[in-house]
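Working notes for the structure below.
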């Protein structure tokens, strides 16, 4: 039996409460995002994003090991196509977010991007009264961006909105890829596609005039986001209900604001704090409106059997869909 994720993560799930894992993951993620903003002084957002995606792809491919390539050979064309589209959506999400945070505040960019997650959550409930949470979030974003002051960066806002659209695609496609691949396998392939997609934009800036300090720094950022948050979520989501997960995820814009203050000194004004509160309340309200029981990612194995002889074929079991961005779980892979 081959277990693709680290044994220590399995032990950690019994030592650290799942909500604490999720909160640690959020702070780690936005620490990485804040540090990425400081790297924009030395390279373009596209270059920094490409380096992060490349490091993430290399690290996750190493974690996947041989079972990753067996999973690729066993996958259908439709599954591989879904991975390509997911990787493209992931690349767009990270690239647009990086371009946005290079122009507007981290907390504001995160809140705008969070609209994509909120739209998916409200649409899934299909109740008109839940639209009030969308309205509350939009009002919150208006308070954050303060368009009445006349100094709104429309380009940064546009990038953040484009990132929100990519988040919607990411959530939907992650569900499909999660049904055919394990978490680390699917993520490794998606990050590889993302690195290839962003290479024309980001690779020239890194390869024409290599900066070893920047390359090493982006390795650190890649470890902070996506590596650590996704691995923590991998364990935490097996023990939290979907409602509990969504409720904690609603704190993410506030966490981004805090880390923006600590790491890069982006201090919000009073009206922006009100706007942030509205976004968080909207996320929590939408989460509480979904009272689906059971863990967000049920304890269910994905088993792939491979033949080593001349015959071909594989039997794939499917895990339950993975709802929000980053909510990934690595299955157990058994070799027969």
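Residue numbers (our numbering): 11 to 346.
C-beta: ideal position from N, C-alpha, C; glycine also.
What does a CB cutoff of less than 6 Å around residue 285 pick up in its chain, not counting 5 residues either side in sequence?
Cβ neighbours of residue 285 beyond the five flanking positions: 150, 153 and 154.
Rounded C-alpha distance that separates residue 207 from residue 239:
Looking at the two C-alpha atoms, the distance is approximately 23 Å.
Considering only the alpha carbon of each residue, which of 216, 86 and 260 lies closest to residue 120?
Answer by Cα proximity: 260.
Check whether residue 228 and residue 62 have beta carbons under 7 Å apart
Yes, these two residues count as a Cβ contact at 7 Å.
On a Cα-Cα basis, can you pick out the residue from 51, 69 and 26 that is closest to residue 235?
When each option's Cα is compared against that of residue 235, the closest is 69.
I'd like to know if residue 109 contacts chain D, where contact means its C-beta is closer than 7 Å to some C-beta of that chain.
Absent here is chain D; the protein component of the structure consists of one chain.
Please classify residue 218: does DSSP put it in a helix, a strand, or coil?
Secondary structure at residue 218: coil, using DSSP grouped into helix, strand and coil.
Here's a check: name, in chain order, each residue in its chain whose Cβ is nearer than 6 Å to the Cβ of residue 124, leaving out the five neighbours to either side.
Same-chain partners within the cutoff: 263.
Determine whether the beta carbon atoms of residue 109 and residue 169 lie at a separation below 7 Å.
In this structure, residue 109 lies near residue 169, with their beta-carbon atoms less than 7 Å apart.
Within 10 angstroms of its Cβ, does residue 181 collect 16 or more other Cβ (buried), or is it exposed?
Classification of residue 181: buried, given that the 10 Å Cβ count is 16 or more.
Alpha carbon to alpha carbon, how far is residue 196 from residue 92?
If I take the Cα positions, the gap works out to 10 Å.
Inspect the CB distances between the segment 210-224 and the segment 125-137 and report whether three or more fall short of 8 Å.
Under the Cβ criterion (8 Å, minimum of three pairs), the segment 210-224 does not count as touching the segment 125-137.
Taking the alpha carbon of residue 221 as the reference point, which residue from 40, 52, 34 and 44 has its own alpha carbon closest?
If we check each option's Cα against that of residue 221, 52 comes out closest.
Using the beta-carbon count (16 or more within 10 Å), is residue 230 buried or exposed?
Counting other Cβ atoms within 10 Å of its Cβ, residue 230 stays below 16 and is therefore classed as exposed.
Exposed or buried, what is residue 36 when buried is set at 16 or more other beta-carbons lying within 10 Å of its beta-carbon?
Around the beta carbon of residue 36, 16 or more other beta carbons lie within 10 angstroms, which makes this residue buried.
Evaluate the contact criterion for the segment 289-298 versus the segment 155-174: three or more CB pairs, one atom per stretch, below 8 Å.
No: the two stretches stay apart, fewer than three of their Cβ pairs being nearer than 8 Å.
In terms of alpha-carbon separation, which member of 43, 30 and 32 lies closest to residue 274?
The option with the nearest alpha carbon to residue 274 is 43.
I need the DSSP call for residue 55, collapsed to helix, strand or coil.
It is helical.
Just verifying my parser: in three-state terms, what is the DSSP assignment at residue 266?
In the structure shown, residue 266 falls within a helical segment according to DSSP collapsed to helix, strand and coil.
Proximity winner among 242, 54, 190 and 287, relative to residue 96 (alpha-carbon distances)
Answer by Cα proximity: 190.
Would you kindly work out how many angstroms separate the C-alpha atoms of residue 270 and residue 115, rounded to a whole number?
Cα to Cα, residue 270 sits roughly 8 Å from residue 115.
Shortest alpha-carbon distance to residue 73 belongs to which of 127, 204, 148 and 193?
Looking at the Cα atoms, 193 is the closest of the given residues.
Count the other CB atoms, across all protein chains shown, that sit within 10 Å of the CB of residue 86; report buried if there are 16 or more and exposed otherwise.
Counting Cβ neighbours within 10 Å, residue 86 comes out exposed, since fewer than 16 surround it.
Give the DSSP-derived three-state secondary structure of residue 115 in the structure shown.
Coil.
For residue 139, the three-state DSSP class (helix, strand or coil):
Helix.
Rounded to whole angstroms, how far is the Cβ of residue 126 from the Cβ of residue 177, which I believe are closer than 8 Å?
Confirmed, about 3 Å.
For residue 59 versus residue 104, is the C-beta distance shorter than 7 Å?
Yes, Cβ-Cβ distance for residue 59 and residue 104 is below 7 Å.
Whole-angstrom C-beta distance between residue 57 and residue 212, which should lie under 8 Å:
Contact between residue 212 and residue 57 is confirmed by a C-beta separation of about 4 Å, below the 8 Å threshold.
Would you mind stating whether residue 173 and residue 107 have Cβ atoms separated by less than 7 Å?
In this structure, residue 107 lies closer than 7 Å to residue 173 by Cβ.
Within 10 Å of its beta-carbon, does residue 198 have 16 or more other beta-carbons around it, so buried, or fewer, so exposed?
That one is buried.
Could you compute how far the alpha carbon of residue 75 sits from the alpha carbon of residue 142?
It is roughly 46 Å from the alpha-carbon of residue 75 to the alpha-carbon of residue 142.
Would you tell me roughly how many angstroms separate the C-alpha atoms of residue 118 and residue 135, rounded to the nearest one?
Distance from the CA atom of residue 118 to the CA atom of residue 135, rounded to whole angstroms, is 26 Å.
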